[in-house]
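Numbering (the numbering used here), first residue to last: 1 to 852. Glycine included, every Cβ here is placed at the ideal spot set by N, Cα and C. Here's the structure we're looking at; comments come further down.
Take a look at the structure:
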């Protein structure tokens with residue numbers, strides 16, 4: 001095929017493959033981007049999903065900022081900015097050329113189109129380069145076309161692209177590098193050496209995984225290309241000289257790369273991965289061997305999936321190549337040797353892709369980690385599959401070509417072989433799961449409020465965003481997106497390699513702000529960095545962040561004397577740090593009611609550190625197991641738990657028996673905060689309270705030591721506020737913001753809002769996880785919606801059995817009151833879970849509990 005036809009034909013095939021694999025992205029090419037290779041068939045297009053896609057988009061947009069002059073060249077001002085802009089001068093490749101392709105696309109059709117265009121171009125060049133490489137080994141254009149498409153359809157290829165891994169884009173450089181090496185060695189062309197060198201260089205800019213594994217493959221491919229039939233009729237000596245000349249540009253570029261890699265390695269040594277990844281961590285992120293042949297609905301093993309057709313083709317093709325060798329060994333030995341080495345290479349990559357799950361229980365992988373420098377830094381062993389689309393395409397093309405030629409029965413045989421293999425191979429790939437898509441915001445009013453307020457103050461807008469992470473959380477990608485859109489210098493950031501200095505100087509220093517505690521020393525440190533604003537994302541607040549729901553943080557910051565509320569846009573609130581504490585006479589912002597703080601920290605006392613004691617079984621105990629003390633001195637200690645100084649902060653302990661236990665509360669600095677005796681005298685499980693007298697953010701632990709008698713201990717929880725054990729006829733009203741939840745709170749109505757186009761179809765609201773005295777209760781959920789009467793809004797599930805989570809479920813319908821009665825059998829914690837179906841916007845106001 002002539003180049004004039006090959007270029008448009010390859011583009012058409014690439015776009016067609018992309019359209020099928022990414023469906024329904026083609027319908028949203030200007031408005032949405034993929035964030036995951038899975039899950040698209042389960043959800044409609046989602047909105048602003050925190051993901052690697054938003055992180056990569058941030059860097060693409062940063063390059064666009066440089067091109068347009070909005071941000072100085074090579075300055076990454078909008079993340080990890082601790083106050084000194086000069087420190088953010090960070091020269092690098094920044095995913096060129098894909099970031100530049102994005103820039104062009106974003107000018108034409110917006111951010112989503114720019115990112116999708118970059119992905120399409122990556123696939124197109126991959127297909128074109130694979131085509132050009134394969135036709136140098138296989139003289140059948142139809143087979144070449146088939147396996148060029150195969151290189152795109154192989155699951156690892158599109159999974160990396162739709163998961164928004166930089167490798168999904170940078171894998172384009174692998175076939176280009178191999179093509180260049182092949183041209184340099186077999187043709188003696190310096191253009192080939194230049195192409196190979198530039199491909200390795202651009203891989204370094206694009207993705208370190210692709211770069212690292214390409215460098216490992218490079219010498220092996222040089223051997224294969226030398227074994228392959230030369231395209232120049234030269235003596236051995238002249239061939240060496242011509243090949244060396246062709247590789248000269250590559251050698252010069254590699255010399256330059258040595259210095260770049262040394263600098264990169266030095267920077268990585270300062271991160272948490274500098275000493276290498278723990279093998280247990282690698283095992284979690286490594287596929288199992290069953291993934292080669294079998295597809296799982298959800299599973300990391302899918303990244304190595306090749307299916308059953310290709311291995312069968314390689315086996316049959318091997319037989320055909322062996323037969324050809326036996327018939328004419330003198331002529332066919334180079335082809336035979338090439339084939340064997342290619343299979344060995346493919347097999348070696350497959351073994352290494354399994355990581356600790358590979359050959360000899362990961363022994364081969366462990367050896368490679370020890371021998372190959374920097375291999376131990378790799379967390380995802382399967383990333384070596386970045387080499388596989390090109391190598392498997394070559395292997396498959398050679399195998400099919402050998403089969404077709406082994407039985408020369410005419411054109412019908414050739415077409416039949418190609419058709420059967422193509423249908424079985426490509427057809428099985430094209431209809432695997434659809435990607436998850438997300439729409440993109442272009443602005444955020446709370447972030448804009450920071451910009452406007454900073455302009456009034458005559459300062460550069462800088463902010464700390466809550467939740468603050470160590471630097472490796474994908475949730476921070478949401479902050480990245482808004483920070484660069486509004487050009488706010490953010491102390492937060494997102495990177496796979498946590499900087500040790502940042503971890504201690506920023507995350508540890510300000511960790512308490514996540515839990516609603518902002519001290520004067522922290523405020524002064526922020527002000528010294530030029531940071532005068534705080535942004536709170538109340539819908540990005542998982543349980544591991546704090547011991548209580550986000551309502552405690554919001555209530556605290558809304559009334560904080562050094563914070564002034566600026567604006568709210570959905571789940572995001574903006575605050576200004578004041579120079580001086582607000583005067584008491586000033587009007588303060590509205591506050592939430594102050595019922596109890598629902599607990600995120602619950603402890604099974606049979607599963608924590610203890611000295612002595614025996615375990616017993618009781619279906620009424622948490623986990624059906626309790627800890628029994630009968631010998632004085634036996635003890636149990638809860639783990640260190642960070643906590644803010646919440647009102648009426650205390651532990652609740654569930655116990656029964658007859659005897660005495662001494663409860664002591666300690667802080668991590670060794671101070672004993674409280675010691676008191678608990679007298680237990682009951683045959684039924686009851687809850688006992690131990691106060692925690694702290695006035696600042698602290699790490700606390702509870703120690704229980706047996707004194708006398710026989711006592712059984714079940715569980716404990718960290719909570720605050722006042723939780724009543726209701727008597728008959730008594731009620732408690734629980735405002736919706738007090739629950740663990742998604743959505744956002746409305747201060748005017750003291751309610752929680754869920755927007756159909758924003759929220760996921762999942763559990764979005766749950767709690768209280770507090771104990772109720774056994775008995776019968778009336779429950780009423782108060783909510784409002786504009787949906788037509790009869791619209792199914794969701795399902796409220798009651799975890800009536802704490803251990804099994806079994807319990808009744810009730811449909812939440814528009815226009816119908818939700819009220820019901822429950823028989824609570826035990827005083828274990830009770831929790832309600834609301835599954836939102838997204839049929840309409842919904843406001844939950846409160847839940848009423850009445851003991852009957």
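Straight-line measurement puts the Cα of residue 45 at about 47 Å from the Cα of residue 252.
Cβ-Cβ distances below 7 Å link residue 581 to 561, 562 in the same chain, with the five nearest sequence neighbours on each side left out; the list follows chain order. Across the structure, residue 457 and residue 786 are spaced so that their CA atoms are roughly 41 Å apart.
Assignment of beta-bridge partners to residue 753 by DSSP yields 744, 843. DSSP, reduced to helix, strand and coil, places residue 491 outside both helices and strands of the structure shown, so it counts as coil. Straight-line measurement puts the Cα of residue 13 at about 7 Å from the Cα of residue 149. With a minimum length of 3 residues, there is no unbroken run of beta strand (DSSP E) contained wholly in the segment 336-402. Per DSSP, residue 687 is one residue of the beta strand (DSSP E) stretching across 672-691. Taking a contact to require three or more Cβ pairs closer than 8 Å, the segment 758-765 and the segment 721-733 do not qualify as touching.
Counting C-beta atoms within 10 angstroms of its own C-beta, residue 3 has fewer than 16 neighbours from the protein chains shown and is therefore classed as exposed. Inter-residue distance for residue 75 and residue 813 is about 52 Å (C-alpha atoms, whole angstroms).
A direct Cα-to-Cα measurement between residue 558 and residue 660 gives close to 43 Å. A distance below 7 Å separates the beta carbons of residue 751 and residue 845. Excluding five sequence positions before and after residue 789, the CB atoms of its chain that fall closer than 6 Å to its own CB belong to 814, 815, given in chain order. Between residue 420 and residue 400, the CB-CB gap reaches or exceeds 7 Å. Per DSSP, reduced to three states, the secondary structure at residue 849 is strand.
In this structure residue 79 is buried. Its beta-carbon is surrounded by 16 or more other beta-carbon atoms within 10 angstroms. For residue 32, the secondary structure class from DSSP, reduced to helix, strand or coil, is strand. Between the beta-carbon of residue 616 and that of residue 626 there is about 5 Å, and that keeps the pair under the 8 Å contact cut. Distance from the CA of residue 247 to the CA of residue 119, rounded to the nearest whole angstrom, comes to 30 Å. In its chain, beyond the 5 residues on either side, 814, 839, 840 have a beta carbon closer than 6 Å to the beta carbon of residue 791. For residue 658, the three-state secondary structure derived from DSSP is strand.
When DSSP states are grouped into helix, strand and coil, residue 300 belongs to the helix group.
It is roughly 14 Å from the alpha-carbon of residue 61 to the alpha-carbon of residue 109.
Put simply, of 619, 655, 666, 433 the residue whose alpha carbon is nearest the alpha carbon of residue 641 is 666. Here the segment 596-615 does not lie against the segment 471-480, with fewer than 3 beta-carbon pairs under 8 Å apart. With 16 or more other Cβ atoms inside 10 Å of its own Cβ, residue 64 counts as buried.
Positions of the beta strand (DSSP E) runs, each at least 3 residues long and wholly inside the segment 55-80, cannot be given because no such run exists. In this chain, the alpha helix (DSSP H) harbouring residue 452 covers 445-457.
If the five residues before and after residue 229 are omitted, its C-beta is found closer than 7 Å to the C-beta atoms of 334, all from its own chain and listed in chain order. Here DSSP, grouped into helix, strand and coil, assigns residue 824 to strand.
Sequence-distant Cβ neighbours of residue 379 in its own chain, meaning closer than 7 Å and more than five residues away, are 277, 281, 282, 285. Annotated three-state conformation of residue 144 is helix, per DSSP. With contacts defined as CB atoms closer than 7 Å, residue 155 and residue 38 fail to qualify as a contacting pair. In the structure shown, residue 95 adopts coil according to DSSP, grouped into three states.
The beta carbons of residue 138 and residue 397 sit closer together than 7 Å.
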